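Here's the structure, in structure tokens; my notes come after.
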Amino acid sequence: MKLLSAVALKVDTAPKPEAPPPAEAAPLPAKIVFVNRVDTYFGRILAQFFGRVASPTLSSANADSADPVAEKELLDLSFLESDSKVSLYKVFGTYRLQHSLDPHEPTKRPTKVPVAYGLCPADNYAHMYRMMSAVDICLFHIADHNEENQLLEDSIKVLDIAFRVLKETKTPKTFVLVSTTMTWAETKFFSKYAVKPELFPMDPQLVDKETEAILEFETTKTEQEMNIEAFGFYEDEFRRRKAHPSFRQHLEFERQFMTLNDKAEAASVAYVVAAGIIYGYGENLFHWLFKEAWSNGQDVSLLNDGSVHIPTIHARDLCQVILNVCLEPPRNKYLIAVDEGRPTLRDITEATSQALSEGGVKETSADELLMEKTINRVEYDTLTSDVRMEPTTVADMKSRWLARNGFVQSVSRLIEEYKILRNLHPLRIAIYGPPFSGKTTLARALAKDYRLPLIDVKELTETGVASLEVAVKQREDGSDGDVVAKAAEAQQVLDGITMSRAQNMGRIGDHYVMRFVKEMLDTVQCKNKGFVLDGYPESYSSAKELFEVKHGSSNETEKMEAVTSTVDHFLVPEIVFALEAPEEFLRNRMLGKPIPQSKGEPPIEVQVVQRFAEYNVIMADAEDSVLTYFDELEVPWTPIDVTRDSSDTMEHSRQTAVKRVGRPRNYPLSKPEKLQLYRGEAERRILQADAVALQQKFRTNLEDMERDRRKKQWQEDLDRIAKASQVASKSLPIPTRQYLMTFVFPLLTDALTACEAARPSDPLDFLAEYLLQNSKPLYLERRVPFKEMTAQARRKYQRKTSPREKKDGDLSGNDIHSR
Numbered sequence: 001m002k003l004l005s006a007v008a009l010k011v012d013t014a015p016k017p018e019a020p021p022p023a024e025a026a027p028l029p030a031k032i033v034f035v036n037r038v039d040t041y042f043g044r045i046l047a048q049f050f051g052r053v054a055s056p057t058l059s060s061a062n063a064d065s066a067d068p069v070a071e072k073e074l075l076d077l078s079f080l081e082s083d084s085k086v087s088l089y090k091v092f093g094t095y096r097l098q099h100s101l102d103p104h105e106p107t108k109r110p111t112k113v114p115v116a117y118g119l120c121p122a123d124n125y126a127h128m129y130r131m132m133s134a135v136d137i138c139l140f141h142i143a144d145h146n147e148e149n150q151l152l153e154d155s156i157k158v159l160d161i162a163f164r165v166l167k168e169t170k171t172p173k174t175f176v177l178v179s180t181t182m183t184w185a186e187t188k189f190f191s192k193y194a195v196k197p198e199l200f201p202m203d204p205q206l207v208d209k210e211t212e213a214i215l216e217f218e219t220t221k222t223e224q225e226m227n228i229e230a231f232g233f234y235e236d237e238f239r240r241r242k243a244h245p246s247f248r249q250h251l252e253f254e255r256q257f258m259t260l261n262d263k264a265e266a267a268s269v270a271y272v273v274a275a276g277i278i279y280g281y282g283e284n285l286f287h288w289l290f291k292e293a294w295s296n297g298q299d300v301s302l303l304n305d306g307s308v309h310i311p312t313i314h315a316r317d318l319c320q321v322i323l324n325v326c327l328e329p330p331r332n333k334y335l336i337a338v339d340e341g342r343p344t345l346r347d348i349t350e351a352t353s354q355a356l357s358e359g360g361v362k363e364t365s366a367d368e369l370l371m372e373k374t375i376n377r378v379e380y381d382t383l384t385s386d387v388r389m390e391p392t393t394v395a396d397m398k399s400r401w402l403a404r405n406g407f408v409q410s411v412s413r414l415i416e417e418y419k420i421l422r423n424l425h426p427l428r429i430a431i432y433g434p435p436f437s438g439k440t441t442l443a444r445a446l447a448k449d450y451r452l453p454l455i456d457v458k459e460l461t462e463t464g465v466a467s468l469e470v471a472v473k474q475r476e477d478g479s480d481g482d483v484v485a486k487a488a489e490a491q492q493v494l495d496g497i498t499m500s501r502a503q504n505m506g507r508i509g510d511h512y513v514m515r516f517v518k519e520m521l522d523t524v525q526c527k528n529k530g531f532v533l534d535g536y537p538e539s540y541s542s543a544k545e546l547f548e549v550k551h552g553s554s555n556e557t558e559k560m561e562a563v564t565s566t567v568d569h570f571l572v573p574e575i576v577f578a579l580e581a582p583e584e585f586l587r588n589r590m591l592g593k594p595i596p597q598s599k600g601e602p603p604i605e606v607q608v609v610q611r612f613a614e615y616n617v618i619m620a621d622a623e624d625s626v627l628t629y630f631d632e633l634e635v636p637w638t639p640i641d642v643t644r645d646s647s648d649t650m651e652h653s654r655q656t657a658v659k660r661v662g663r664p665r666n667y668p669l670s671k672p673e674k675l676q677l678y679r680g681e682a683e684r685r686i687l688q689a690d691a692v693a694l695q696q697k698f699r700t701n702l703e704d705m706e707r708d709r710r711k712k713q714w715q716e717d718l719d720r721i722a723k724a725s726q727v728a729s730k731s732l733p734i735p736t737r738q739y740l741m742t743f744v745f746p747l748l749t750d751a752l753t754a755c756e757a758a759r760p761s762d763p764l765d766f767l768a769e770y771l772l773q774n775s776k777p778l779y780l781e782r783r784v785p786f787k788e789m790t791a792q793a794r795r796k797y798q799r800k801t802s803p804r805e806k807k808d809g810d811l812s813g814n815d816i817h818s819r
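Under full-length UniProt numbering, the letters of the sequence shown match residues 1 to 819, in that order.
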């Protein structure tokens, strides 16, 4: 680097007009860096940081600098997402295969690290040995170890490989271990306050007496009020450090790592950086705190009383410290890397709550948080240990600090990083369209899919009125002055709403609706997650009043007040849908649906006419349309053709809207939530299958009962006909009955039986056809003319008839034919 500077600053004062221009300095060859476990939180950040280092020079600028270029670089998060263009380092690393929550899904690799030239599994020791033999810098980190990622176990195996590499290759390498300050958690102070002897240039015995005198005199004062500062541990005390019982393996690993310096034959050097709790870039150990504040919007849980001091450092600042160690190796082999914030856990919790929630905190026991699995055991041990550290070497390094003043002072920047890297920016959607076009149906579907608050004017008005009534009731119960004042204001608003309903035929005035909508948009849920506006505001003027903030400035000389307004881009919807359909189509679709009508409401036909009349009045002037307002703000709106939806759930419109919105800006479902969802889906399918089976069984029983009823009725009809025929036959003369039973009833019975089996649509025609096809007249059998056959049959029958039967009143053959 000195050679580079000399080449860059070299100025030739001698006049040499014929000499060629100096050649540009050749770029330095890229060094190879090995990062253990790039799939962890800090491992990924460390790998991508080294993969984006483009300059070997160091700068002492920090985030508070007035240089806009430096500020822009500090805010740039591109190194966490994009590929490396030019870098001084080629990054290699290891990863551990991720096991899916679903046992049916295969094991998969972690998310791609763009800047990595090569990765190998953490259990492929042969590949890891070849990789470490070729590298120049080996970076270990165990600061973000927990019970799940097995980071410490993998680091121990990699360290064994490092010892083998140094023994066999004997090439100089730089080893850096990022450890945790929890290896100091059980270290004892010499006194209540660890005082550096350099601050008191006098006899050591007098130092103790003077310190005791100060402490005795200032017993009633807090640490902030005392002239003497409560110092923490320093780097030169690392030999007497004692770890927390849960971090004793970390301490042992530090000591083994420091023995790399004993390999003098390899000319290698090893550094241990004891880092505070790493924060920033999406959060890791503080993630549960951010998630609770972002999700709940209420009081954030404070672990115990929050009085412990938490050493912290931003992830990028820690990466910069490691880069400094590699570029300008320090004299000390053990470094403490913390910022200058020195906050307590209460300070961190309150700052997070104020930035993401309503600002309140509630003290919660550790048992409750552990039982709810809000935090794990490692997080509990870390957040309940009072560890105070004082950096010396790191404080003097030339580096651009991103958060030198600590967590609390940089919380706004941390919130922005958290939302960007976790994809949690608010999603604001608005849906507009003519009456009965399905705005509410689509709004409810999108609110459910993206888990967003739904702003329905009708429901919001009812909820607002109910909350005002509750506030008025609290005054009657007797409370303090603030509650009484709020109750009086609520009563005044309720009186205005009652008067507005009386004047507008039961409808609330627009300014009251606007009040409720603004209160909803001002909630933490809408600010963090976003919202879905269901058809509101309806006009240009209403949109201007809702989405713009007015600023007033008084002019004392002219006694006038100038009012200006600016658009609040944190309220304006970024995605707007306009449902489109002909009025006739919507009328016919609405009138064709069976809609239950409430008591006191006009008929649905009258409601349809009124709603369309109001909508046409609003849309008569195109300049007063709410879509015109979004056009002026350059907010694009997407038209959706409702006529293509044939289902009541508007599936086509929903798919169009989801395609336009994209993936949700929300947390993915956790393992318990997924299990609950799978369980609910399975129960729903089982209930649906049972309902279908029960319905099918019920339908089958109905059909069987109907068949039995018809069969019974048919049998009863047959029995009744047979009985009637029997009664009628008894009343006929015997010869006539004999004639019918012989020549008519057999064939007719067969015809009726066949008709009952076939059940034709025209039974009489069926009977006629059946009789014609199955009867065999005598004149067809003997092939004689009909007249002759009839006469012959008449004579034959007359000869067979006895005189006695005629006396009984029986009919002769002539009588039969005549009848």
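Virtual Cβ for every residue (Gly too), placed ideally from N, Cα, C. These figures come from a predicted structure and were not determined experimentally.
**Item:** Completely contained beta strand (DSSP E) runs for the region 476-537, where each covers 3 or more residues
**Value:** Segments of the beta strand (DSSP E) lying fully in the region 476-537: 530-534.
**Asked** Does the beta-carbon distance from aspartate 136 to arginine 37 come in below 7 Å?
**Response** Here residue 136 corresponds to residue number 136 of the sequence shown, with the count starting at 1. Here residue 37 corresponds to residue number 37 of the sequence shown, with the count starting at 1. Going by C-beta atoms, aspartate 136 is not nearer than 7 Å to arginine 37.
**Item:** Three-state secondary structure assigned by DSSP to aspartate 136
**Value:** As a working note, residue 136 is residue 136 in the sequence shown. Here aspartate 136 sits in coil by DSSP.
**Request:** To the nearest angstrom, report how far apart serine 437 and isoleucine 497 are at their CA atoms.
**Result:** Position 437 of the sequence shown, counted from the first residue, corresponds to residue 437. Position 497 of the sequence shown, counted from the first residue, corresponds to residue 497. Taking the straight line joining both Cα atoms gives about 29 Å.
**Request:** Assign serine 625 to one of two classes, buried (16 or more other C-beta atoms within 10 Å of its C-beta) or exposed (fewer than that).
**Result:** On the sequence shown, residue 625 is found 625 positions in, with the first residue counted as 1. Taking all protein chains in view, the Cβ of serine 625 is crowded by 16 or more other Cβ atoms within 10 Å, so the residue is classified as buried.
**Message:** Taking the beta carbon of glutamine 48 as the centre, do at least 16 other beta carbons fall within 10 Å, making it buried, or is it exposed?
**Reply:** For the purposes of this step, residue 48 is identified with residue 48 of the sequence shown, where counting begins at 1. Buried: at least 16 other Cβ atoms inside 10 Å.
**Request:** Tell me tyrosine 95's beta-bridge partners as DSSP assigns them.
**Result:** Locating residue 95 in the sequence shown gives position 95, where the first residue counts as 1. The partner list for tyrosine 95 (beta bridge, DSSP) reads Pro121.
**Request:** Would you decide whether glutamate 769 is buried or exposed? Buried here means 16 or more other CB atoms lie within 10 Å of its CB.
**Result:** Mapped onto the sequence shown, residue 769 falls at position 769. In summary, glutamate 769 is exposed, with fewer than 16 beta-carbon neighbours lying within 10 Å of its beta-carbon over all protein chains present.
**Message:** Taking the alpha helix (DSSP H) that valine 321 belongs to, which residues open and close that run?
**Reply:** Taking the first residue of the sequence shown as 1, we reach residue 321 at position 321. Where valine 321 is concerned, the enclosing alpha helix (DSSP H) stretches over 315-327.
**Selection from Lys671, Arg331, Asn423, Gly280 that minimises the alpha carbon distance to serine 392** = Taking the first residue of the sequence shown as 1, we reach residue 392 at position 392. Note on identity: in this sequence residue 392 is threonine, with serine being the wrong assignment. With distances taken between Cα atoms, threonine 392 lies closest to Arg331.
**Prompt:** Would DSSP call alanine 657 helix, strand or coil?
**Reply:** As a first step, residue 657 is located in the sequence shown; it is residue number 657 there, counting from the start. Reduced to three states, the DSSP call for alanine 657 is helix.
**Asked** How is isoleucine 375 classed by DSSP in three states: helix, strand or coil?
**Response** Start at 1 with the first residue of the sequence shown, and residue 375 comes out as number 375. The three-state secondary structure of isoleucine 375, taken from DSSP, is coil.
**Asked** With burial defined as no fewer than 16 other Cβ atoms inside 10 Å of the residue's Cβ, what is the status of isoleucine 278: buried or exposed?
**Response** The sequence position of residue 278 within the sequence shown is 278, counting from 1. Per the 10 Å Cβ criterion, buried.
**Asked** Under three-state DSSP, which class holds leucine 571?
**Response** Locating residue 571 in the sequence shown gives position 571, where the first residue counts as 1. It is coil, neither helix nor strand.
**Request:** Identify whether arginine 444 lies in helix, strand or coil by the three-state DSSP scheme.
**Result:** Walking along the sequence shown from the start, residue 444 turns up at place 444. In the structure shown, the three-state DSSP call for arginine 444 is helix.
**Request:** Report buried or exposed for serine 670, applying the criterion of at least 16 other Cβ atoms within 10 angstroms of its Cβ.
**Result:** Position 670 of the sequence shown, counted from the start, is the residue given in the question as residue 670. Taking all protein chains shown into account, serine 670 has fewer than 16 neighbouring C-beta atoms within 10 Å of its C-beta and is therefore exposed.
**Request:** Leaving aside the five residues before and after methionine 182 along the sequence, list all residues of the same chain whose C-beta is less than 8 Å from its C-beta, in chain order.
**Result:** Looking up residue 182 in the sequence shown gives position 182. Correct list, in chain order: Ala243, His244, Ser246, Phe247, His250, Asp381, Thr382, Ser385, Val387.
**Contact check, phenylalanine 34 vs cysteine 120, beta carbons under 7 Å** = Residue mapping note: residue 34 aligns to position 34 of the sequence shown, counting from 1. Residue mapping note: residue 120 aligns to position 120 of the sequence shown, counting from 1. Against a cut-off of 7 Å, the Cβ pair of cysteine 120 and phenylalanine 34 comes out as no contact.
**Asked** What's the gap between the Cα of glycine 506 and the Cα of leucine 677?
**Response** Sequence index remark: in the sequence shown, residue 506 carries index 506 (1-based). Sequence index remark: in the sequence shown, residue 677 carries index 677 (1-based). Note on geometry: alpha-carbon atoms of glycine 506 and leucine 677 lie some 42 Å from one another.
**Prompt:** Which ranges would you report for the alpha helix (DSSP H) in the region 25-54 if only whole runs of at least 4 residues count?
**Reply:** Considered as a whole, the region 25-54 harbours 41-50 as its complete alpha helix (DSSP H) runs of no fewer than 4 residues, in chain order.
**Message:** Which of the three DSSP states is assigned to leucine 677 in this structure?
**Reply:** Working through the sequence shown from its first residue, we reach residue 677 at position 677. When DSSP states are grouped into helix, strand and coil, leucine 677 belongs to the helix group.
**Message:** Please list the terminal residues of the continuous alpha helix (DSSP H) segment that includes serine 155.
**Reply:** As a position in the sequence shown, residue 155 is number 155, starting the count at 1. For serine 155, the enclosing alpha helix (DSSP H) has its first and last residue at 151-169.
**Request:** Note down, one range per segment and in chain order, each alpha helix (DSSP H) of at least 4 residues found wholly within the region 663-743.
**Result:** Runs of alpha helix (DSSP H) with 4 or more residues, each lying fully within the region 663-743, are found at 671-731, 734-743, listed in chain order.
**Asked** When we look at the beta-carbon of aspartate 339 and count the other beta-carbons within 10 Å, is it buried (16 or more) or exposed?
**Response** Here residue 339 refers to the residue found at position 339 when the sequence shown is read from its first residue. Classification of aspartate 339: buried, given that the 10 Å Cβ count is 16 or more.
**Per-residue burial, threonine 352 [other beta carbons within 10 Å of its own, 16 or more giving buried]** = Position 352 of the sequence shown, counted from the first residue, corresponds to residue 352. Threonine 352 counts as buried, since no fewer than 16 other beta carbons sit within 10 angstroms of its beta carbon.
**Prompt:** glutamate 548 to leucine 427, Cα distance in whole Å?
**Reply:** On the sequence shown, residue 548 is found 548 positions in, with the first residue counted as 1. On the sequence shown, residue 427 is found 427 positions in, with the first residue counted as 1. Whole-angstrom Cα-Cα distance: 19 Å.
**Asked** Under a three-way DSSP split, which group does lysine 419 fall into?
**Response** Residue numbering aside, residue 419 sits at position 419 when the sequence shown is read from its first letter. For lysine 419, the secondary structure class from DSSP, reduced to helix, strand or coil, is helix.
**Item:** As assigned by DSSP and simplified to three states, the class of leucine 345
**Value:** Position 345 of the sequence shown, counted from the first residue, corresponds to residue 345. The answer is helix: DSSP assigns leucine 345 an H, G or I state.
**Request:** Buried or exposed for valine 11, please, with buried defined as at least 16 other CB atoms from any protein chain shown within 10 angstroms of its CB.
**Result:** Locating residue 11 in the sequence shown gives position 11, counting from the first residue. Low confidence applies here, because valine 11 scores a pLDDT of 33, under 50, leaving its location unreliable; read the following figure in that light. Exposed.
**Asked** Mapping DSSP to helix, strand and coil, what is tyrosine 615?
**Response** Here residue 615 corresponds to residue number 615 of the sequence shown, with the count starting at 1. Helix.
**Asked** Per DSSP, alanine 430 is paired with what?
**Response** Counting from 1 along the sequence shown, the entry for residue 430 is found at position 430. Alanine 430 pairs with Leu533, Val576.
**Request:** Determine the extent of the alpha helix (DSSP H) in which alanine 754 is found, giving its start and end residues.
**Result:** Indexing the sequence shown from 1 puts residue 754 at position 754. DSSP places alanine 754 in the uninterrupted alpha helix (DSSP H) bounded by 745-758.
**Request:** Taking only the alpha-carbon atoms, compute the straight-line gap between proline 672 and arginine 679 and give it to the nearest angstrom.
**Result:** Counting from one through the sequence shown, the residue named residue 672 turns up at place 672. Counting from one through the sequence shown, the residue named residue 679 turns up at place 679. For proline 672 and arginine 679, the gap between their C-alpha atoms comes out near 10 Å.
**Asked** Given alanine 293, which residues of its chain have a CB within under 8 Å of its CB, disregarding the five upstream and five downstream residues?
**Response** What you label residue 293 is simply residue 293 of the sequence shown in a count that begins at 1. These residues qualify, in order along the chain: Val300, Thr352, Ser353, Ala355, Leu356, Ser357.
**Prompt:** Exposed or buried, what is asparagine 555 when buried is set at 16 or more other beta-carbons lying within 10 Å of its beta-carbon?
**Reply:** Against the sequence shown, residue 555 aligns to sequence position 555. Here the model assigns asparagine 555 a pLDDT of 46, short of 50, so the residue's position is not dependable, and the following value carries that caveat. Its Cβ having fewer than 16 others within 10 Å, asparagine 555 is exposed.
**Asked** Taking the C-alpha atoms as reference points, what is the distance between aspartate 160 and histidine 145?
**Response** The residue you call residue 160 lines up with position 160 of the sequence shown. The residue you call residue 145 lines up with position 145 of the sequence shown. Their backbone Cα atoms lie some 19 Å apart in a straight line.
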